[in-house]
Amino acid sequence: MDALVLLIPLSPLAAALLIGGGQLFGFLEGEENEQTTSCCANWAITLSCLLALILLGANMLGMNAGAFSVGRWLSSDTLTIRMNFMTTAFNIQLATLFSVLLAIVINFSTNYMHREAGFHRFFFILSLFSFAMLLLVLSGNAVGTLVGWEIAGLCSYLLIAYSYQRSIAVSNATRVLVTNHIGDACFMIAIGLSYAWTGTLNWTELNATFAELPPSQITGLGFCFALAAFVKSAQLPFTPWLARAMEGPTPSSAVFYGAVMIHAGVYLVCLLRPLFELSVFVMAILAVVGFLTALYSFIVGLTQTDVKSSLVYAVSAQLGLMFLECGLGFWQLAKWHLCAHAVVRAYQLLSAPNLMHAVHNNPIKPVSPKTASLRWAYTASLQRFWLDQITDWALVKPIRRLASDLCYFDDHIVDRLMGVPNPALHTVSSLVQLEETKLGARLDNNSDEFAQGSGLAGTLTAWTASILHWFEDRFVLHGIGKGTIRYGRELGHLANKFESLILRPRYLVLFVCITLLVAF
Numbered sequence: 052m053d054a055l056v057l058l059i060p061l062s063p064l065a066a067a068l069l070i071g072g073g074q075l076f077g078f079l080e081g082e083e084n085e086q087t088t089s090c091c092a093n094w095a096i097t098l099s100c101l102l103a104l105i106l107l108g109a110n111m112l113g114m115n116a117g118a119f120s121v122g123r124w125l126s127s128d129t130l131t132i133r134m135n136f137m138t139t140a141f142n143i144q145l146a147t148l149f150s151v152l153l154a155i156v157i158n159f160s161t162n163y164m165h166r167e168a169g170f171h172r173f174f175f176i177l178s179l180f181s182f183a184m185l186l187l188v189l190s191g192n193a194v195g196t197l198v199g200w201e202i203a204g205l206c207s208y209l210l211i212a213y214s215y216q217r218s219i220a221v222s223n224a225t226r227v228l229v230t231n232h233i234g235d236a237c238f239m240i241a242i243g244l245s246y247a248w249t250g251t252l253n254w255t256e257l258n259a260t261f262a263e264l265p266p267s268q269i270t271g272l273g274f275c276f277a278l279a280a281f282v283k284s285a286q287l288p289f290t291p292w293l294a295r296a297m298e299g300p301t302p303s304s305a306v307f308y309g310a311v312m313i314h315a316g317v318y319l320v321c322l323l324r325p326l327f328e329l330s331v332f333v334m335a336i337l338a339v340v341g342f343l344t345a346l347y348s349f350i351v352g353l354t355q356t357d358v359k360s361s362l363v364y365a366v367s368a369q370l371g372l373m374f375l376e377c378g379l380g381f382w383q384l385a386k387w388h389l390c391a392h393a394v395v396r397a398y399q400l401l402s403a404p405n406l407m408h409a410v411h412n413n414p415i416k417p418v419s420p421k422t423a424s425l426r427w428a429y430t431a432s433l434q435r436f437w438l439d440q441i442t443d444w445a446l447v448k449p450i451r452r453l454a455s456d457l458c459y460f461d462d463h464i465v466d467r468l469m470g471v472p473n474p475a476l477h478t479v480s481s482l483v484q485l486e487e488t489k490l491g492a493r494l495d496n497n498s499d500e501f502a503q504g505s506g507l508a509g510t511l512t513a514w515t516a517s518i519l520h521w522f523e524d525r526f527v528l529h530g531i532g533k534g535t536i537r538y539g540r541e542l543g544h545l546a547n548k549f550e551s552l553i554l555r556p557r558y559l560v561l562f563v564c565i566t567l568l569v570a571f
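Letter by letter, the sequence shown follows residues 52 to 571 in my numbering.
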């Protein structure tokens, strides 16, 4: 029965490849092919859901071995990474829950996204995300979890920027991606340190060997994993990215930030329970950060004026309580809390567009007079305690200034020391020069001077350019004639067409996916 675990993440991956390939080659385009795309995505996630339920039933009957290994993925020196999966305990329970919620959201999206621009792109990304999350919770080693972690983050970016014509959507998606990469970097550092100190990347073996490490290494590993979890689950000081992520369509908001991906950080902490229990310091950090996030989200949520923003801060508050429960040692409570919260938030976010109709004419509950008199608290809550502004002041602006200084140093110091010539600034290509000359126009009063430079490097480059220009002018241009100009223009038109073709969104998505696959 354990072999069925392999098909659970592969089924939505196959759907993503079919939808992506169909759109890439023009088979799935327009409203007439919407049913084909939605059926492909629906059947794939339904199959994963049924397989997960079968595997969960087998686990409850004690029929599962607990792990399934496909084989070796890659090896380098002493590093060997296998493709293995976990088929028991919390992993298969969470995979079953996530697959059910994903099936509901994908089925809901069929009618919700009807006739929307980018319908096929949406289902491609959602199917790819389903593969990533199921891989994340079922992988038996840290590298497989990291692959799912990264692909899920990429899909999040693509769906936040779903309406890429709007600058605010692209800006928010970029900020979310950069913020999440902080956690990704911490996750990678923790994986590297785990292998360096234990010699393994298998989750079961890692949890068994953590007790043999000295306290300093346990604290370092726990802190890195905790920081990765804080970023992924929008804990302080990273909470503001969650509000920016609401730019995406409602189904993606429900599945990403209400039901599935937002709980990845809590899952990681629960998975590494043996590590965190060995460090009182890291457990205290989990509890303090969780409590502060819950308090912050509750206060900010009081002044939100739209449904999605209110739900966002309700989500982060509940996630903070989960981290608080983990930090206090209530692990089983945190797991039950995660599962129940995923179901409730998925329903609330999916029904958010209709919520205003359901509560029409309902009176607003007034706040107490004591609370109403705290105007400074209202201002701070309305401004979300200025976390975004503080981040801009502390990180974004200094980095921009550094980039500006480096650019100035490169332009005014490095280039002058190297004596970089600048023929492109004062002349155009030789082909255009020839055409302009035949038309009677002169681009430069000094026809003998092809390039100018300073310094030894500039002088040598100028001499070389002059010789090559003389050779080109005497033997190439006059020898071939006007045919070269025509061929050059045709080549330029072809290059422009090719560039406009590869800049289409579907090709950009394909190139990004290929880059990630090659990188991993």
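The beta-carbon is built from N, C-alpha and C at its ideal position, and this holds for glycine as well.
Proximal residues to residue i (C-beta, below 7 angstroms), its chain only, five neighbours per side dropped
i, result
"L189", "V56, I59, P60, F136, M137, N142, A146"
"A305", "V156, A397, L400, L401"
"I233", "V282"
"Q144", "L107"
Residues of its chain near residue i, where Cβ-Cβ distance is below 8 angstroms and the 5 sequence neighbours each way are ignored
i, result
"L384", "E376"
"M52", "I105, L106, A109, M114, N115, T138"
"V317", "A280, S284, L370, M373, F374, C377, A385, L389"
"W248", "L264, Q268, L272"
"D499", "At D499 the pLDDT is 46, less than 50, meaning the model places this residue with poor confidence; the figure from the coordinates comes in the next sentence. The answer is none, since no qualifying residue turns up."
Spatial distance of residue i from residue j (CA atoms)
i, j, result
"N412", "W200", "43 angstroms"
"A277", "L337", "7 angstroms"
"I240", "V320", "16 angstroms"
"M373", "Y308", "15 angstroms"
"S160", "D235", "29 angstroms"
"F76", "L68", "12 angstroms"
"A335", "P404", "39 angstroms"
"V151", "C100", "6 angstroms"
"S178", "N258", "31 angstroms"
"L476", "R226", "For L476, the predicted model reports a pLDDT of 41, less than 50, meaning its position is unreliable and no value from the coordinates is stated."
"T478", "W521", "Its pLDDT being 40, under 50, T478 is placed unreliably in this model, and the value from its coordinates should be taken loosely. Roughly 15 angstroms separates the two Cα atoms."
"S348", "L79", "42 angstroms"
"L494", "R217", "With a pLDDT of only 49 at L494, under 50, the local geometry of the prediction cannot be trusted, and no value is derived from it."
"S245", "Y459", "41 angstroms"
"V311", "S126", "32 angstroms"
"S367", "L353", "13 angstroms"
"S455", "I441", "21 angstroms"
"L185", "W427", "45 angstroms"
"S432", "S89", "41 angstroms"
"N84", "L205", "26 angstroms"
"V394", "V351", "23 angstroms"
"G122", "D461", "50 angstroms"
"N253", "G195", "10 angstroms"
Residue i - containing alpha helix (DSSP H), residue span
i, result
"I233", "218 to 249"
"V121", "Looking at the DSSP string, V121 is not in any alpha helix (DSSP H); the run it does join, the beta strand (DSSP E), is 118 to 127."
"I132", "Per DSSP, I132 belongs to no alpha helix (DSSP H); it is in the beta strand (DSSP E), 130 to 137."
"S214", "It is not in any alpha helix (DSSP H) - S214 carries neither H nor E in the DSSP assignment."
"H392", "382 to 401"
"Y308", "Premise fails: Y308 is in no alpha helix (DSSP H) and is neither H nor E."
"Q355", "Here Q355 belongs to no alpha helix (DSSP H), and DSSP marks it neither H nor E."
"N93", "85 to 111"
"S150", "140 to 163"
"R295", "291 to 295"
"R435", "Here R435 belongs to no alpha helix (DSSP H), and DSSP marks it neither H nor E."
Close Cβ partners of residue i (< 6 angstroms) along its chain, the five nearest in sequence each way excluded
i, result
"S303", "L210"
"G71", "F175"
"L148", "C390"
"Q355", "S361"
"L228", "Y208"
"L379", "A338"
"S62", "A95, L98, S99"
Residues that residue i bridges to, as DSSP identifies them
i, result
"N192", "N253"
Rounded Cβ spacing between residue i and residue j (contact assumed at less than 8 angstroms)
i, j, result
"F238", "L197", "6 angstroms"
"A212", "A203", "Their Cβ separation, rounded to whole angstroms, is 15 angstroms, which puts A212 and A203 out of contact at 8 angstroms."
"L329", "I242", "Contact flag wrong, Cβ pair sits at about 18 angstroms."
"L326", "L272", "6 angstroms"
"N223", "E298", "5 angstroms"
"G191", "A118", "6 angstroms"
"V333", "F274", "6 angstroms"
"Q572", "G250", "Outside the displayed range of the chain (52 to 571) lies residue 572, so it cannot be described from this structure."
"F182", "L64", "4 angstroms"
Test: residue i CB closer than 8 angstroms to a CB of chain B
i, result
"A445", "Given the protein chain composition of this structure (a single chain), no chain B is represented."
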